[in-house]
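Residue numbers (our numbering): 4 to 347.
Note that CB positions come from ideal geometry on N, CA and C, so glycine has one too.
Printed below as a string of structure tokens:
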């Protein structure tokens with residue numbers, strides 16, 4: 004089968020590799036239909052690592068995908084050949100302490116698609132996943148929507164963990180795919196206002212068109228001052244979706260006493276700092292997000308029911324042989340890209 008492999012920093016090759024086979028009775032062979040380029044994939048492409056997860060070349064990346072079931076193991080009951088599915092890229096062990104207390108997203112033995120030391124990715128024609136990772140769309144979702152269920156599940160999970168109340172006033176810093184997915188997830192919770200920030204002009208315009216209350220560019224204006232003019236008592240929840248120190252600081256400034264800071268973005272550096280005096284005096288709650296936990300089906304249902312709109316996030320399409328072009332586009336934030344899709 005064809006696969007796109009990382010062969011070095013900013014280097015990719017289209018190669019022929021062996022097609023995977025069913026090994027367990029609960030395995031499902033999936034024919035990949037479409038793959039989304041995620042920021043974490045680009046981290047591996049540009050730097051060869053995320054934290055302690057270091058690429059050993061050659062390596063297949065990619066974890067956001069829509070697929071069609073090609074074959075199933077004899078114990079598989081939830082899908083059959085020909086079914087279109089959303090793929091949850093995380094495979095938990097179900098036996099460790101974390102799994103047993105309902106925290107499968109922090110499983111000690113977690114294996115994740117396209118993660119060094121855990122599992123190869125989905126930028127190839129076929130993959131094998133456990134049946135628990137396959138969610139039938141039953142014709143209700145397009146391939147693009149099925150791909151976007153992965154980032155949407157993280158965003159919806161973060162909104163749930165933040166305990167966003169009805170009529171809340173929130174901020175989302177960063178209007179990339181995760182930030183925009185967080186916006187539509189929060190909107191589905193009947194929030195009062197949502198303030199967004201973003202440095203890329205095209206994404207500022209996209210967030211405005213999507214219905215954010217206010218969108219500001221921190222390179223051009225005092226976003227904290229502007230938001231606090233409109234919300235002098237401060238905000239209930241601030242979602243940090245950019246993975247930057249400056250956005251963490253801005254969140255701390257705009258939150259009201261008793262507010263919640265949600266850290267969703269993945270920084271490229273090892274440490275962030277928190278203004279301890281401000282955090283303590285305001286009694287800020289800090290929520291860290293590690294992917295998602297039992298929100299894949301909920302994301303499928305949100306889209307299928309029309310409760311969230313994710314279609315506007317898809318800005319570019321590429322063929323498999325154009326994968327490096329897609330990665331360069333996303334890495335450089337060129338041409339107003341939000342989500343680039345690769346079609347097999």
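Under DSSP, residue 264 takes part in a beta bridge, and its partners are 241, 289.
Nearest Cα to residue 235 within the set 172, 22, 128, 325: 172.
By a beta-carbon distance limit of 8 Å, residue 330 contacts residue 40. Their separation comes to about 6 Å.
Contact between the segment 196–207 and the segment 265–278 is absent: fewer than three C-beta pairs spanning the two stretches fall below 8 Å. Runs of the alpha helix (DSSP H) lying entirely within the segment 94–179, each at least 4 residues long, are 100–103, 146–164 in chain order. A check of alpha carbon separations from residue 94 across 342, 297, 328 identifies 297 as the nearest. Secondary structure at residue 312: coil, using DSSP grouped into helix, strand and coil. Per DSSP, residue 344 lies in no alpha helix (DSSP H); the unbroken beta strand (DSSP E) holding it starts and ends at 342–346.
Put simply, of 88, 67, 45 the residue whose alpha carbon is nearest the alpha carbon of residue 32 is 88. Residue environment for residue 319: buried (at least 16 other C-beta atoms within 10 angstroms of its C-beta). Beta-bridge pairing by DSSP links residue 56 to 53. A contact between stretches requires three or more CB pairs, one per stretch, nearer than 8 Å, and the segment 124–138 meets this requirement with the segment 60–79.
Sequence-distant Cβ neighbours of residue 306 in its own chain, meaning closer than 8 Å and more than five residues away, are 143, 144, 148, 151, 152, 155, 313. In terms of Cα proximity to residue 107, the closest of 137, 294, 271, 205 is 294.
Residue 227 and residue 253 do touch by the CB rule: their CB atoms are close to 5 Å apart, below 8 Å.
Of all C-beta pairs linking the segment 156–163 to the segment 171–189, three or more are shorter than 8 Å, placing the two stretches in contact.
Annotation: residue 231 to residue 180 spans about 25 Å, alpha carbon to alpha carbon. In this structure, the beta-carbon distance from residue 311 to residue 191 falls below 8 Å. Annotation for residue 257: 174, 227, 230, 231, 237, 238, 241 place their beta carbon closer than 7 Å to its own, counting only its chain and skipping 5 residues before and after. The beta strand (DSSP E) runs of length 3 or more contained entirely in the segment 179–204 are, from start to end of the chain, 196–200. Residue range 14–19 is occupied by the beta strand (DSSP E) that includes residue 16.
Contact check for residue 8 against residue 63 passes: the beta carbons are separated by less than 8 Å. Straight-line spacing of the CA atoms in residue 291 and residue 169 works out to 21 Å. In the structure shown, residue 255 falls within a helical segment according to DSSP collapsed to helix, strand and coil. The beta-carbon distance between residue 189 and residue 315, rounded to whole angstroms, is 16 Å. This is too long to meet the 8 Å contact definition. Distance from the Cα of residue 282 is smallest, within the candidate group 262, 270, 271, for 262.
Contact check for residue 5 and residue 19: beta-carbon distance about 7 Å, within the 8 Å limit, so the pair qualifies.
Following the DSSP letters along the chain, one finds residue 333 inside the alpha helix (DSSP H) bounded by residues 326–335. Per DSSP, residue 269 is not a residue of any beta strand (DSSP E), being assigned neither H nor E.
Scanning 46, 61, 217 for the CA closest to the CA of residue 54 turns up 46. Between residue 111 and residue 43, the alpha-carbon positions lie close to 20 Å from each other. Judged by DSSP in its simplified three-state form, residue 11 adopts strand. The bridge partners DSSP lists for residue 46 come to none.
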